[in-house]
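In full-length UniProt numbering, the protein residues as written are 1 to 100.
Rendered as structure tokens:
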């Protein structure tokens, strides 16, 4: 509604048997949506991604293949290390895994 109004509805058979309904102004500003912009895309690069204190309790990493390969090359201690990366050119996240 463009402004506050009253809606009067006839509810009885006789004149004066009505119900008045107060209608308040309804627009994007009164609803608090005046700054909402659905046309603007979300910019992934505007928000930094951080991962701290994550405990992987659901997935076990089977590194037996890595250990066997390292042993075949003469290695004894194997280490698997990972890091979360963000590619600015593609806008995608990826995991960088290093096996030593």
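Ideal placement from N, C-alpha and C gives every residue a C-beta, glycine not left out.
Between the options, which lies nearest to residue i when the distance is taken from Cα to Cα?
| i | options | result |
| --- | --- | --- |
| residue 8 | 16, 15 and 20 | 20 |
| residue 52 | 16, 12, 90 and 83 | 83 |
When the distance is taken between beta carbons, is residue j closer than 7 Å to residue i?
| i | j | result |
| --- | --- | --- |
| residue 34 | residue 28 | yes |
| residue 85 | residue 96 | yes |
| residue 25 | residue 39 | no |
By DSSP's criteria, residue i is part of a beta bridge. Which residues make up the other side?
| i | result |
| --- | --- |
| residue 18 | 10 |
| residue 84 | 95 |
Tell me the DSSP secondary structure of residue i in three-state form.
| i | result |
| --- | --- |
| residue 24 | coil |
| residue 36 | coil |
| residue 97 | strand |
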